[in-house]
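> Chains as they are written, first to last, in the working numbering: chain S, 1 to 276; chain X, 277 to 867. Just so you know, even glycine gets a beta-carbon here, dropped at the ideal spot from N, CA and C. Here you go, one structure.
In structure tokens, the structure reads:
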């Protein structure tokens, strides 16, 4: 009699105990390639798998659209312990050492032969310049163009889109292909990844100068944990260091334009000392 | 005996004559003891003729009953009282509670839930608030965060219609309380921070059908500017200014949302409302006046057509939305009877504007400010202080800070004292032309706005303003920004709440403290008063801290990150020491 009641209880108990194994809880955007998507196809999806394996943990996602207050609503709210792909200088989180860096770039059709590389190029006064809109703000290079009096040349393309339509940021690349705009100004990873998927050849050129007043156009990218979560931070950093070469290859595979000086990251003294 | 009777009749006749003259003034509206729209009446006075609770007995005010909303975000709404039922709208998920005032303790009659999209929480800029409902002709109308206007049967709680007006995908949301005028439900959108193009819309109160929509930017046909448009000042005249005062196609993302209050003058048949700030944040990126952002519109409610417009802050530099309340008053100013509206703007100036024409009669500061030198009454143009104009640079000591001399929290007006009771801020800020906007794909770590207390070290104030003399009569300092509306009654008592959770009563004549009660959570809502079925006067208020200013508590933000909640956290770091979250309705009466 008592056994008949006991066994279901045991059955309930075992899976609960099994779930107590270590988890790596990651918040990620379900629709934001090349970084992440719900199908696990993005760079950050692959990297999250790598980190989970390194920590011998099970990877658990919380999907949260990366819009305003993303970090507040996800990492800070405790929905997860890790967010990938944050700028290394972001001071509201504890960021690891960078695992790649990239730059804002110009993107144009090769057959246009524009070869624009400088934000100070006088020809920009005559062109339609596509740029991403983050909320109601243009991406950073717009500040320099505004100072030059070129705000009237800018055509904004929202980074946001319908929740059901895939990869809203890629509309800007499509606009270059179609000729809706002459040139696009955008963050390198978008340009690198989506230009490979287009039917016409496109040219990617890092913007110069590298910064304008206090605003850099190049950023190093890190993994973020909550401030004070130093144990997890150190563990993740250890895995990043160990897997440095693998990660570099992964970043290259996603077509992300990297700066020359970053290619040697894995051999740098910082990484080398950590891997000892 | 006979003589005294004659005397009585004469006195009565004179009194009635006087009363009739007084009642013809727009601020003296009939009052049946109910509270059917957030601002109390079309003139938006938030004045009640109830006088049972007065300056001598308010000290005896006791809690009559209370009700928990079960939610922890910012509660900004005014409860409504209609036919012995109280209606309370909550922040997301935007529940509507109906409470039975005929029974002890106000038991629940029904709950209506519109089930708004969960994603809407991610597009609300400043907490998931709602500013209340409006009653008209047997129905309760309000907006949901995910851009629907709903009509609910006031008796049964049954949904009669639900109309979708906007798109959360592009960053739109809805937080304002509708105004119902001549069978039309007037509503506006929120979302300037997402590059949304602002609008005001009218829906058929019976069917929910969209009747007209007036955009704040773009060509005249979109703004509903036509032959009847007669702005008072030259700067607001011309064709398609909503397009030409921008560069290229920037007007399409220009902002100007209509997210706050609407007033109505039935005699002139005009509605009045203001539009929000322009985008993007860095004003260098949007040369021009950026019309019609930060603008007051007078429109015909029937067609939406604009009759006049006045831009408070052309080419806004400081996030000074023009959306604050417009109180309609008939006053004698400099010896002339004037039909005016009083608008305490985010720029810390109290505008007194002739409401038939749009002429500015005065625009004096009601709160500490250094961003403008004056308003030229001949041209209507504000003269900005050059040293405080922003761009792609850091500017220190800008007063008021982005939430303005005051934000949406509405003032009240007493025809007995002739004063406007303004709940306001005393905040300054450091400003950079770069707005921190990190999301994946835009690794952008700009420094951000930091706000702090203005001169005196207090962050809020309640001021009584004389709109005729255009000056402050008295004021009471508050530790935190005074982020609740005010209520004033014929008992000469002003009620308001503080963010640290005190519900207060002061003397309308001199600001003397009369009574206070500590509620469970900070107050960022709108107090009301009503006559209960038992004939007693009650005062009701929602507590539940949150909103932009209170997000540090309701959103669980990190107080070490001063730039969170658009820079407000820096000014509010100590708020969590004073209050915790929790939506609760409190109803008070005399024993």
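1. Straight-line CA distance for residue 133 of chain S to residue 806 of chain X?
2. Looking at the strands, I want to know which residues DSSP matches up with residue 156 of chain S.
3. My understanding is that residue 799 of chain X touches residue 773 of chain X, with C-beta atoms under 8 Å, so please give their C-beta distance in whole angstroms.
4. Please state if the CB of residue 141 of chain S and the CB of residue 207 of chain S are separated by a distance shorter than 7 Å.
5. Once the 5 residues before and after residue 240 of chain S are set aside, which same chain residues still bring their CB inside 8 Å of it?
6. List the residues of chain X that residue 142 of chain S touches, going by C-beta distances under 9 Å, in chain order.
7. Name the chain X residues that come within less than 9 Å of residue 154 of chain S, Cβ to Cβ?
8. Taking the straight line between their C-alpha atoms, what separation do you get for residue 521 of chain X and residue 597 of chain X?
9. Secondary structure at residue 290 of chain S, three-state DSSP: helix, strand or coil?
10. For residue 757 of chain X, name the three-state secondary structure that DSSP assigns.
11. On the DSSP bridge list, what partners appear for residue 466 of chain X?
12. In chain order, what residues of the same chain lie with their CB nearer than 6 Å to the CB of residue 658 of chain X, ignoring the 5 residues before and after it?
13. Which whole runs of the alpha helix (DSSP H) in the segment 69-109 of chain S are 4 residues long or more, in chain order?
14. Would you mind listing the alpha helix (DSSP H) stretches within the segment 800-830 of chain X that are 4+ residues and don't spill past its ends, in chain order?
15. Looking at the structure shown, is residue 183 of chain S part of a helix, part of a strand, or coil, going by DSSP?
16. Do you know how far the Cα of residue 70 of chain S is from the Cα of residue 12 of chain S?
17. Could you name the residues of chain X that residue 213 of chain S contacts, counting a contact when the two beta carbons are closer than 7 Å?
18. Classify residue 846 of chain X as helix, strand or coil using the three-state DSSP reduction.
19. Could you say which of X:604, X:444, X:573 and X:300 lies nearest to residue 893 of chain X if we only look at CA atoms?
20. Taking buried to mean at least 16 other C-beta atoms within 10 Å of its own C-beta, is residue 850 of chain X buried or exposed?
21. Are residue 371 of chain X and residue 389 of chain X close, meaning C-beta to C-beta below 7 Å?
22. Flag residue 505 of chain X as yes if its beta-carbon sits less than 7 Å from any beta-carbon of chain S, otherwise no.
23. Hey, residue 450 of chain X and residue 431 of chain X: beta-carbon distance below 7 Å or not?
24. Looking only at C-alpha atoms, which of X:483, X:516, X:512 and X:358 sits nearest to residue 497 of chain X?
25. For a contact meaning CB atoms closer than 8 Å, what does residue 350 of chain X contact in chain S?
26. Near residue 24 of chain S, which residues of its chain fall below 8 Å by C-beta distance, leaving aside the five closest residues on each side in sequence?
27. How is residue 408 of chain X classed by DSSP in three states: helix, strand or coil?
28. Quick check on the DSSP output: what are the complete beta strand (DSSP E) runs of length 3 or more inside the segment 522-609 of chain X, in order along the chain?
29. Does the beta carbon of residue 208 of chain S sit closer than 7 Å to a beta carbon anywhere in chain X?
30. For residue 272 of chain S, count the other beta carbons within 10 Å of its own beta carbon; 16 or more makes it buried, fewer makes it exposed. Which is it?
31. Identify the residues that DSSP records as bridge partners of residue 424 of chain X: which are they?
32. State yes or no: is the beta carbon of residue 137 of chain S nearer than 7 Å to at least one beta carbon in chain X?
33. Can you tell me where the alpha helix (DSSP H) with residue 248 of chain S in it begins and where it stops?
34. Measuring only the C-alpha atoms, how far is residue 861 of chain X from residue 854 of chain X?
35. In terms of DSSP beta bridges, what is residue 793 of chain X paired with?
36. Tell me which same chain residues have a C-beta within less than 8 Å of the C-beta of residue 407 of chain X, skipping the five on either side of it?
From the atom records:
1. Translated into positions along the first chain, residue 133 of chain S becomes position 133. Translated into positions along the second chain, residue 806 of chain X becomes position 530. For residue 133 of chain S and residue 806 of chain X, the distance between alpha carbons rounds to 48 Å.
2. Here residue 156 of chain S corresponds to residue number 156 of the first chain, with the count starting at 1. In the DSSP output, where bridge partners are listed per residue, residue 156 of chain S has S:131.
3. As a first step, residue 799 of chain X is located in the second chain; it is residue number 523 there, counting from the start. As a first step, residue 773 of chain X is located in the second chain; it is residue number 497 there, counting from the start. At roughly 3 Å, the Cβ-Cβ gap stays under 8 Å, so residue 799 of chain X and residue 773 of chain X are in contact.
4. The residue you call residue 207 of chain S lines up with position 207 of the first chain. The residue you call residue 141 of chain S lines up with position 141 of the first chain. The answer is yes: Cβ separation under 7 Å.
5. The residue you call residue 240 of chain S lines up with position 240 of the first chain. Excluding positions up to five away in sequence, the list reads 51, 96, 97, 99, 223 and 247.
6. The residue you call residue 142 of chain S lines up with position 142 of the first chain. The contacting residues are 556, 558 and 561.
7. Locating residue 154 of chain S in the first chain gives position 154, where the first residue counts as 1. Per Cβ cutoff of 9 Å: 523, 524, 525, 526 and 561.
8. Working through the second chain from its first residue, we reach residue 521 of chain X at position 245. Working through the second chain from its first residue, we reach residue 597 of chain X at position 321. Their Cα atoms are separated by approximately 17 Å.
9. The structure shown does not extend to residue 290 of chain S, since chain S is modelled only from 1 through 276, so no value can be given for it.
10. Counting from one through the second chain, the residue named residue 757 of chain X turns up at place 481. It is coil, neither helix nor strand.
11. Working through the second chain from its first residue, we reach residue 466 of chain X at position 190. In DSSP, residue 466 of chain X forms a bridge with X:449.
12. Numbered from 1 along the second chain, position 382 holds the residue referred to as residue 658 of chain X. Within the same chain, residue 658 of chain X has close Cβ partners 648 and 651.
13. You should have 70-73.
14. 823-830
15. As a first step, residue 183 of chain S is located in the first chain; it is residue number 183 there, counting from the start. The answer is strand: DSSP assigns residue 183 of chain S an E or B state.
16. Residue mapping note: residue 12 of chain S aligns to position 12 of the first chain, counting from 1. Residue mapping note: residue 70 of chain S aligns to position 70 of the first chain, counting from 1. With a pLDDT of only 45 at residue 12 of chain S, under 50, the local geometry of the prediction cannot be trusted, and the value read off the model is given with reservation. In a straight line, the C-alpha of residue 12 of chain S is about 36 Å away from that of residue 70 of chain S.
17. Counting from one through the first chain, the residue named residue 213 of chain S turns up at place 213. Result: 668.
18. If you number the second chain from 1, residue 846 of chain X lands on position 570. It is helical.
19. Given a span of 277 to 867 for chain X in the structure shown, any question on residue 893 of chain X remains unanswerable.
20. Counting from one through the second chain, the residue named residue 850 of chain X turns up at place 574. Exposed.
21. Position 95 of the second chain, counted from the first residue, corresponds to residue 371 of chain X. Position 113 of the second chain, counted from the first residue, corresponds to residue 389 of chain X. Yes, these two residues count as a Cβ contact at 7 Å.
22. Numbered from 1 along the second chain, position 229 holds the residue referred to as residue 505 of chain X. Judged by the 7 Å Cβ criterion, residue 505 of chain X is not in contact with chain S.
23. Locating residue 450 of chain X in the second chain gives position 174, counting from the first residue. Locating residue 431 of chain X in the second chain gives position 155, counting from the first residue. Their beta carbons are not under 7 Å apart, which means residue 450 of chain X does not touch residue 431 of chain X by this criterion.
24. Within the second chain, residue 497 of chain X is the residue found at index 221, counting from 1. Of the listed residues, the one whose Cα sits closest to residue 497 of chain X is X:516.
25. Looking up residue 350 of chain X in the second chain gives position 74. Going along chain S, no residue has its Cβ under 8 Å from residue 350 of chain X, so there is no contact; the nearest lies around 14 Å.
26. For this step, residue 24 of chain S is matched to residue 24 along the first chain. If we look at residue 24 of chain S and ignore the five residues flanking it on each side, its Cβ neighbours are 48, 51, 52, 55, 57, 58, 59, 60, 81 and 82.
27. Here residue 408 of chain X is taken as the residue at index 132 of the second chain, counted from 1. Residue 408 of chain X: strand per DSSP, three-state reduction.
28. The segment 522-609 of chain X contains these whole beta strand (DSSP E) runs: 538-541, 546-550, 571-575, 582-587 and 603-609.
29. Residue 208 of chain S sits at position 208 when you count from the first residue of the first chain. Not an interface residue.
30. Here residue 272 of chain S is taken as the residue at index 272 of the first chain, counted from 1. Any answer about residue 272 of chain S is weak, because its pLDDT of 48 lies below 50 and its placement is not dependable; what the coordinates show is given next. It is exposed - the Cβ of residue 272 of chain S has fewer than 16 other Cβ atoms within 10 Å.
31. Here residue 424 of chain X refers to the residue found at position 148 of the second chain. In the DSSP assignment, the residues bridged to residue 424 of chain X are X:420 and X:440.
32. In the first chain, counting from the first residue as 1, residue 137 of chain S sits at position 137. Chain X contact via Cβ: present.
33. What you label residue 248 of chain S is simply residue 248 of the first chain in a count that begins at 1. Taken as a continuous stretch (DSSP letters only), the alpha helix (DSSP H) holding residue 248 of chain S covers 244-253.
34. As a first step, residue 861 of chain X must be located in the second chain, where it is residue number 585. As a first step, residue 854 of chain X must be located in the second chain, where it is residue number 578. Roughly 19 Å separates the two Cα atoms.
35. Indexing the second chain from 1 puts residue 793 of chain X at position 517. Answer is X:779.
36. Here the question's residue 407 of chain X lines up with position 131 in the second chain. For residue 407 of chain X, where only same-chain residues beyond five positions count, the Cβ hits under 8 Å are 314, 352, 353, 354, 451, 452, 453, 536, 684 and 802.
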